[in-house]
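Asks: Sharing a structure here in structure tokens format.
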Amino acid sequence: MTSEFPKPTSITGGCLCGSIRYRVDFPPTHDFISACQTCQCTQCRRSTGSLFFPIHMVPKSAFTILTTPTTPRLKSFRATPGAERCFCGDCGSFLFWRSDASDTIDLAVGCIDPEYLFGEEQRVSDDTAREAGGHGKRNEGFGRALAGAVTHMWCANEIAGVTDGMLRGMKMERDSKHGVVLYKD
0 MTSEFPKPTS
10 ITGGCLCGSI
20 RYRVDFPPTH
30 DFISACQTCQ
40 CTQCRRSTGS
50 LFFPIHMVPK
60 SAFTILTTPT
70 TPRLKSFRAT
80 PGAERCFCGD
90 CGSFLFWRSD
100 ASDTIDLAVG
110 CIDPEYLFGE
120 EQRVSDDTAR
130 EAGGHGKRNE
140 GFGRALAGAV
150 THMWCANEIA
160 GVTDGMLRGM
170 KMERDSKHGV
180 VLYKD
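The opening position of the sequence shown corresponds to residue 0 in my numbering, with each subsequent residue numbered one higher.
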């Protein structure tokens, strides 16, 4: 993946019910390529209900919860000492994972607002909308910068014939600190 693609300077996102909103202001030196990862560990699978968890790592200093203190909905769960999964206490949306020892947050890509992932819907005439199946075209968005993962963790947990052939890039047996590179394309 080359570094020639649109990159946002900031993004917003939040949970399904809207109780929790956040903003990320990316530093000028943010490495969008290495910040995009996926995880196939059992904990991520169970907390997301998905076979792999797409993340975008952001500096803790760049991340701001916009929810007011009078509506504290953010809850956390510690399945592992020194790390927590944070989610909405109302709707259950899994928002991010963070380690006490790290200066980054692993943001759940699926909770980033749609206009940043795949772009805003462009207004079109009624005739054009009917031809397109009732929807207008969307502009590009920043999906490649936010979700174009090239590093995949806990590939020792790949499911043969399902998740083993769907991801491109570098595959790690475990996490990036303890893992052995299994494959790199």
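Virtual Cβ for every residue (Gly too), placed ideally from N, Cα, C. This one's a predicted model, so the numbers in the text were calculated from it and none came from an experiment.
Looking only at its own chain, which residues have a Cβ that is under 7 Å from the Cβ of GLY133, when we skip the five neighbours before and after it?
Replies: Unreliable placement is indicated for GLY133, whose pLDDT of 48 sits below 50; the coordinate value is still reported in the next sentence. Same-chain partners within the cutoff: there are none.
Asks: Kindly list the residues whose CB is nearer than 8 Å to the CB of LEU145, restricted to its own chain and excluding five residues on each side of it in sequence; keep chain order.
Replies: PRO7, ILE10, PHE31, CYS35, HIS55, VAL108, ILE111, TYR115, LEU116, listed in sequence order.
Asks: With a CB to CB cut of under 6 Å and the five nearest residues on each side skipped, what residues in its chain are close to ALA82?
Replies: For ALA82, where only same-chain residues beyond five positions count, the Cβ hits under 6 Å are SER98.
Asks: Quick one, which of HIS29, SER33, PRO26 has its alpha-carbon nearest HIS151's?
Replies: Looking at the Cα atoms, SER33 is the closest of the given residues.
Asks: Nearest to PRO80 by CA position, among ALA155, ALA100, SER92, VAL23, is which residue?
Replies: Cα-wise, what sits closest to PRO80 is ALA100.
Asks: Let's see if you can read the secondary structure: which residues bound the beta strand (DSSP E) around CYS38?
Replies: Note, CYS38: beta strand (DSSP E), 35-38.
Asks: Once the 5 residues before and after PHE62 are set aside, which same chain residues still bring their CB inside 7 Å of it?
Replies: Here the set comprises TYR21, VAL23, ILE104.
Asks: Please report the straight-line C-alpha distance between GLY164 and CYS154, rounded to a whole angstrom.
Replies: Cα-Cα distance, rounded: 11 Å.
Asks: Reducing DSSP to helix, strand and coil, say where ARG84 ends up.
Replies: It is a strand residue.
Asks: Just how far apart, CA to CA, sit SER75 and SER49?
Replies: Whole-angstrom Cα-Cα distance: 19 Å.
Asks: Provide the residue(s) that pair with ARG20 in DSSP beta bridges, ordered along the chain.
Replies: For ARG20, which the question treats as bridged, DSSP gives the partners GLY13.
Asks: With distance defined between alpha-carbon atoms, name the residue in PHE86, THR47, HIS29 nearest to VAL57.
Replies: Among PHE86, THR47, HIS29, the Cα nearest to that of VAL57 belongs to HIS29.
Asks: Straight-line CA distance for PRO53 to CYS87?
Replies: Using only the alpha carbons, I get a separation of about 18 Å.
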